[in-house]
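In terms of the numbering used here, the sequence shown is residues 9 to 315.
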Amino acid sequence: MPTLAAYLIVVAVWATTPLGIKWSGEAMAPLAAAGVRMGIAALLGLMWLRWKRQPLPLHRQARLSYLAALPGIFGAMGCSYVASTYLPSGLISVIFGLAPLLSGLMMQCLPGSVRLNSWHWSACVMGLLGLMLVFDDSLSVLVAGGDMGDRGIGVLWMLTAVTLFSGSGIAVQRVGAGLKPMQQTVGGLLLSLPCYGLAIVLAGQSLTWNGDVRGLSAIVYLAVFGSLLGFYSYFQILARLPAATVALVTLITPVLALTLGSLFNGERLGGMVLAGALLIVVALGLFMFGDHQVRRSLKVIPRGGAA
9 MPTLAAYLIV
19 VAVWATTPLG
29 IKWSGEAMAP
39 LAAAGVRMGI
49 AALLGLMWLR
59 WKRQPLPLHR
69 QARLSYLAAL
79 PGIFGAMGCS
89 YVASTYLPSG
99 LISVIFGLAP
109 LLSGLMMQCL
119 PGSVRLNSWH
129 WSACVMGLLG
139 LMLVFDDSLS
149 VLVAGGDMGD
159 RGIGVLWMLT
169 AVTLFSGSGI
179 AVQRVGAGLK
189 PMQQTVGGLL
199 LSLPCYGLAI
209 VLAGQSLTWN
219 GDVRGLSAIV
229 YLAVFGSLLG
239 FYSYFQILAR
249 LPAATVALVT
259 LITPVLALTL
269 GSLFNGERLG
279 GMVLAGALLI
289 VVALGLFMFG
299 DHQVRRSLKV
309 IPRGGAA
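Below, the structure written as structure tokens:
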């Protein structure tokens, strides 16, 4: 696949996924919609592996890698679907954009990680301020001992989701099983299916479809593009482009998701929430600039040092 096509696919898929989650939750119960999506994606993934004549590794390192992916595929996605019942799709994308910041903070607790510089820490503070604006009046009501409301509940679900997603990504990297992208994807998807089944039962939900064609189409779209083609394209550009260029996706997609939510779902956000979303996007830019500074410093070879 050409690099430009892969990059555009990643941007399009990441920008439309929050709206797809929102719509799919209107056709089925949230966890059921997520479980059906992962089931379809797993089936298509197995067909892909068979077509490419790639086995699904089951050695110890592979099993550990699938397990490491579980908090992202089941935990993060499940929480995102629940959050979609409380939040507009654009806000889901903005909060999920905090993943690079959270990953950077988590890495500080692990040995051998690159230390954050002042730009990184400034970005984290700005992201926190933006998140507080997104909470808006929900936070003040919570502090006063009242009910935080739908937005506050949704934000807490999304913070749980992005934390699980960030931790899962780090865990998969640390396992380092050397799997191909589709092998990793299918293994994680298959492992998530029993978890979704148990969660659906415990939540008292069912796999009943209410007849919403748009929502069912969103589930199929997310299974094909969000869980398979988007993931495959992401690993393609990750292997071919500089990390900074790939990271720009997290700056582009929240803006596009907010626009799509407004145009196609009639979503309207208050001034404080929009200001918070803007702060979070700016924080991501600062964080990426911090990464750029770190990479530049690592490339500098001291005089007299080894060549």
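Beta carbons: idealized from backbone N, C-alpha and C, even for Gly.
Check: For Leu113, the nearest candidate out of Ile178, Gly43 and Lys60 (CA to CA); Outcome: Ile178
Check: Nearest residue (CA-CA) to Gly293, options Thr25, Leu95 and Gly105; Outcome: Gly105
Check: Contact between the segment 30-42 and the segment 206-214 (3+ Cβ pairs under 8 angstroms); Outcome: yes
Check: Pick from Ser241, Glu275 and Gly269 that is closest to Tyr15, judged by C-alpha positions; Outcome: Ser241
Check: 6 angstroms Cβ shell around Pro96 - same chain, five flanking residues per side excluded; Outcome: Gly269 and Glu275
Check: Euclidean distance between Cα positions of Gly279 and Gln69; Outcome: 48 angstroms
Check: Cβ contact check for the segment 65-81 and the segment 214-230: 3 or more pairs under 8 angstroms; Outcome: no
Check: Distance between beta carbons of His128 and Gly327, contact taken as under 8 angstroms; Outcome: One cannot answer for residue 327 here, as it falls past the ends of the chain, which runs 9 to 315.
Check: Enclosing alpha helix (DSSP H) for Phe104 [first to last residue]; Outcome: Ser97 to Phe104
Check: Cβ contact (3+ pairs, closer than 8 angstroms) linking the segment 190-210 and the segment 219-239; Outcome: yes
Check: Reduced DSSP category for Ser148 - H, G, I as helix; E, B as strand; rest coil; Outcome: The pLDDT assigned to Ser148 is 49, lower than 50, so where the model puts this residue is not dependable; a value taken from the coordinates is nonetheless given after this. If DSSP states are grouped into helix, strand and coil, Ser148 belongs with the helices.
Check: Coarse secondary structure for Pro310, derived from DSSP in three states; Outcome: For Pro310, the predicted model reports a pLDDT of 48, less than 50, meaning its position is unreliable; a value from the coordinates is still stated below. If DSSP states are grouped into helix, strand and coil, Pro310 belongs with coil.
Check: Residues near Leu57 by beta carbon distance below 8 angstroms, same chain, minus five either side; Outcome: Pro63, Leu64, Met190, Gln191 and Val194
Check: Pairwise C-alpha distance: Ile288 and Val102; Outcome: 7 angstroms
Check: Met301, DSSP secondary structure in three states; Outcome: Strictly speaking, residue 301 in this sequence is Gln, with Met absent from that position. Gln301 falls in the helix class under three-state DSSP.
Check: Ile245 beta carbon less than 8 angstroms from that of Val18; Outcome: yes
Check: Asn273 in three-state terms, based on DSSP; Outcome: helix
Check: Ala170 versus Leu124, Ile81, Ala23 and Arg159, residue with shortest Cα-Cα distance; Outcome: The sequence shown places Val at residue 170, rather than the Ala named in the question. If we check each option's Cα against that of Val170, Ile81 comes out closest.
Check: Val221 versus Val263: straight-line alpha-carbon distance, rounded; Outcome: 27 angstroms
Check: Cβ separation of Tyr89 and Ala23, assumed to be a contact under 8 angstroms, to the nearest whole Å; Outcome: Contact doesn't hold; Cβ gap of about 18 angstroms is too wide.
Check: Pairwise C-alpha distance: Leu99 and Asn187; Outcome: The residue asked about is misnamed: residue 187 is Leu in this sequence, not Asn. Distance between the alpha carbons of Leu187 and Leu99 is about 33 angstroms.
Check: Endpoints, the alpha helix (DSSP H) within which Leu124 is located; Outcome: No alpha helix (DSSP H) contains Leu124, which DSSP labels as neither H nor E.
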